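Structure, as structure tokens:
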Amino acid sequence: MEIVLFVCIILIASILQTATGFGFSILATPFLLLLFKPMEAIQINLILSLVISIALIAKIKDHVDYGILKRFMIGSTAGLPIGILIFLYVDITSLKIGVSLLILLLTILLLLQFRVNQTKSRDGIVGGLSGLLTSSIGMPGPPLLLYFAGTDTQKDKLRATTLAFYLFIYAMSLGIQMLFVGTNKTVWVSSGLSLPLVIAGLYVGQLLFKRINQQLFRIFTYAILLITGLYLLIDSLRP
């Protein structure tokens, strides 16, 4: 049963990541925490997400907003060290509860048609939050996704800029995790065994992306956020 669950998690998350530019860490991390220790779950997620970003970057680079990308990267350098401190010293259950409540609150605001104007300073803040969440729990997606949804960014630009940023943030976070927390054989063996599933997800996700219009893309966004927020909260509160 654990093997079946692992296969489903990696395959579905890979498809979502490829089709939307987000989704792997948001979907995979909470469920991988059921199967692995926190360090292992986070590092498996970081490795596979980095592989997906590397595989896709050549195809989507023309749609990247390099100005926003640069500000995300600058902001994230402040968030990364804070995130690793949180991972080392904050109880994982408390962290998951906090993240779930944040995701649910901001998703409700988006459903109520809350909008935010994009500015350079807000780009940096969002990058910082994403860096913090990446090195602490391996989930950079929520701040980016909520920000882009709130600014009504087109799906091509959202997907491309997010994946380009992931190349930087996942590589940096993986290095920081290995430096301060260490790694083990389980992380690398599990990641290696997952590569065929990731390749299959890349293929299916590319097909889906061509068929998803902007409205359906937005529905996917809200659904993933709500499901992830509720799951994290329920799982954290279980005795």
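Under this note's numbering, the letters of the sequence shown match residues 57 to 295, in that order. For glycine and all other residues, C-beta sits at the position ideal for the given N, C-alpha and C. Keep in mind the model is a prediction, meaning the values are calculated, not measured.
Item, Value
"6 Å Cβ shell around I153 - same chain, five flanking residues per side excluded", "S292"
"Every unbroken alpha helix (DSSP H) within the region 195-264, with a cutoff of 4 residues, ordered by chain", "197-206, 211-236"
"Reduced DSSP secondary structure (H/G/I, E/B, other) of D121", "coil"
"I116 (DSSP reduced to helix, strand or coil)", "helix"
"Backbone CA spacing between V254 and T207 [nearest angstrom]", "30 Å"
"Buried versus exposed, by CB contacts within 10 Å (16 or more), P252", "exposed"
"Nearest-angstrom Cα separation, counted from V237 out to L214", "32 Å"
"Distance CB(S81)-CB(M195) smaller than 7 Å", "yes"
"Beta carbon of I225 nearer than 7 Å to that of T190", "yes"
"Whole-Å CB distance - L166 paired with L200, under 8 Å assumed", "Not confirmed; about 13 Å, so no contact."
"Opening and closing residue of the alpha helix (DSSP H) in which I153 lies", "148-167"
"Cα-Cα separation between Q174 and F62, rounded to whole angstroms", "38 Å"
"Rounded C-alpha distance that separates S150 from S109", "30 Å"
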